[in-house]
Each structure stands twice: as structure tokens, then as C-alpha cells.
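To keep things clear, I will list the structure first and then write my remarks on it.
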Amino acid sequence: MPKVVVSEFMDEAAIAAELSGFEVLYDPGLIDRPDALAAALAGADGLIVRNRTQVRGDLLAGAPDLKVVGRLGVGLDNIDVEACRARGIAVYPATGANDGAVAEYVVGCALLLLRGAYGASAEVAAGTWPRNALMGREIGAKRLGLVGFGAIARETARRAAALDMSIAAHDPFLPPEDPAWRPAHGPVARVALDALIADSDVLSLHVPLTDGTRGLIDADAIARMPRGAVLINAARGGIVDEAAVAAALRSGHLGGAALDVFAREPLDGQAGAVFKDVPNLILTPHIAGVTQESNVRVSAVTARAVRRHLTES
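One rule links them: number in the working numbering = place in the sequence shown (from 1) + 2.
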């Protein structure tokens, strides 16, 4: 009977439906107990993780029977894919299962930060009636710039177009003749990165963390953004200089920012101190792609892929 270890949270119904007949150790707390995780993996055939479990080095060395890793999400920067390939370990991301959730997060943050009216409940209840201070901006006719134009960015563009935003993107890996640039909701402008940064009212990041994207949006890039622009990072921590974002928000150069991912995760008090009392800032704990609905989809897709590999290989 194959043994599968699940080290982070997932939908338990998917485990019951897709991994029935397997020996399954489901313990979302394993990620915080490395010795217990190592012991569990000693005889495991499969491993299912989210983004916190580092599938590399000693963890792989201590799992000699491992045949498959299922990733409850799409980013693979926490998995040593080359080491897995060398060992013959298959890696299955949940491609497409949480695209809509991330796209909704991006558009929702853009709406919230541009309008700026939704944090006044206490003031209104206290009778201060701050109407003039809450005269925000509409999203219609604003320019959305997408750094990267993969599946999630395309879903974001589709939703933004329905709100009458104009859409531009930079993706050097997507050739100009690709039909993705000409979707049903209208063409997406294909522009150079410098132009995208300089001309976008809302700039949203949709790239993996690589040597080429690490620190991509630094203080210089932020300085080139239009005054009052909004920056959203629901991709990967390390792409954005967090201290530079905080400084630009304090100075008023940036009109708002939403960060769902961080160079250090989980964000602790020391790393988070840079954000203390920063205005017009949304911080969330790497949750853009996690909704009740997407958790069901991601869990089912991942568990199904792990089961298929262990039963067919």
C-alpha cells in the first residue's frame, strides 16, 4: 500500500475521495516539526506540499522511496526540481486550479486601493463624516500593467477589461504572434518592461522568482512608476524590494500597494517592522490563491495526480 505524507493544509474531502486505499499521513503541522516530517518521509512514496515545505537537500536525502511530489499551487521555487528529476521523482503542480482566485485578489486590491473609501467605518460610526478625505479614484479607464502574461495574468486581464481598464503586459517568453495577445475582450498591448513600469496606473506582478526577477521592482523601478500608482505583488516574495515599497508609500509617490508574498515567509515581527504605520498598504499571508473554492480544486487536482502516478508507474 503506497504511503503519502501531506505536510501542509489541504481539503480533507479530496484526501478521502482521491487517496482512498492509500496509507495517508495528513498532518498540516508537520511543516513546523522538521524532525517529525523527516521521520514520516523515511518510508513515504508520495509527498503533498504547499509553498512552505522545502523539498530539497536533507529532506530528499531522507526520503529514499519517494516517487512523486504534489504541489498544492503552481510555484515550484520551494522544490528542487532538478534534484527530483535526477532521482526520477515526478513533480505535479496544480496548474490552473487557483488562477481565478489570484485574479480576483488582484482586481479586488486594485479597486480597494484606488477608491480608498472602505476603511472609514470607525470614523463614520463616530460621527466624523470624512467625505472629502475619502474622494478616491475609479478603476475605469485606468491602465493595468501585467509583468508576465501567463494564465493567471490573463485571467486578471479578463476581469480588469470588464471594468473598462486598458491592459498592457510584458512577457519576453510569449511571442508577438501568440493569440493570447488578442483575447475576446480586446487586444492586450505588448510593451517593454520600462514602458510598462512608466505608464501603468496599476502594476501587477505575475512572474516566478528567478535570478532574473529577484529584486526586479526595486527603488529605481518604483521611482519610475507614475505618482499615485498602485503596486500589487501576489506572485513571489523577493521580486519586490519591500523597504522601497514602504518608503514610496510614506512619501506619497505610490498611491497604494498590496503584498501577499514576502522575501521571508512567514513574515515575522522583525521583517514586518518596515511596514509599521505605512499608509494605503494591504498585507496578506500568501493567501491570494487560497479560497474555499480554490482549495477544493487545488486539493483534488493534486491528490488525483499523485494517485495516478503511484498506481500507473
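Glycine residues also receive a C-beta, built at the ideal position from the N, C-alpha and C atoms.
Per DSSP, what are the beta-bridge partners of residue i in this structure?
i	result
Y94	G72
H172	V149
S206	L148, I234
G258	V232
K5	E25
G48	V6, V70
L285	L261
In terms of alpha-carbon separation, which member of the options lies closest to residue i?
i	options	result
D37	I17, D60, F24	D60
H208	E314, V303, T158	T158
N297	G64, G138, G98	G98
E295	D13, G48, A237	D13
V308	G45, L68, N53	L68
F264	E179, G291, K278, N235	N235
G77	L62, P95, V7	P95
T212	I33, F11, D79, A153	D79
A41	A221, A103, S9	S9
G138	G214, L113, T130	L113
G214	R156, D173, A15, A127	D173
P210	R184, I33, I154	I154
A103	A305, A65, G129, R156	R156
Counting only the same chain and skipping the five closest in sequence on each side, list residues whose C-beta sits under 8 angstroms from that of residue i.
i	result
L256	I224, M227, G230, A231, V232, L233, V247, A250, N282
G142	L165, D166, M167
V6	L21, F24, E25, V26, L27, A46, D47, G48, L49, I50, V308, L312
H187	A159, R160, A163, A164
Since residue i contacts residue j with CB under 8 angstroms, what's their CB separation in whole angstroms?
i	j	result
V70	L312	6 angstroms
I199	R216	About 17 angstroms separates the two Cβ atoms, so there is no contact after all.
R321	D82	As displayed, the chain neither begins before 3 nor continues past 315, which places residue 321 out of reach and without an answer.
H363	E267	There is no way to answer for residue 363, as the model of the chain reaches only from 3 to 315.
G147	D196	Rounded, the Cβ-Cβ distance is 11 angstroms, inconsistent with contact.
Could you name the residues of the same chain whose beta carbon sits closer than 7 angstroms to that of residue i, not counting the 5 residues immediately before and after it, in chain order?
i	result
A122	P132, L136
G75	R52, N53, P95, A96, N100, G291, V300
C111	I234, A260, I284
I91	L68, K69, V70, V71
I'd like the list of long-range same chain contacts for residue i, defined as Cβ closer than 6 angstroms, with 5 residues on each side in sequence excluded.
i	result
A245	V276
S206	V108, L148, I234
A171	L148, F151, V190
Which class does residue i belong to by DSSP, given the choice of helix, strand or coil?
i	result
Y28	strand
R192	strand
V57	strand
I81	strand
V242	strand
I141	coil
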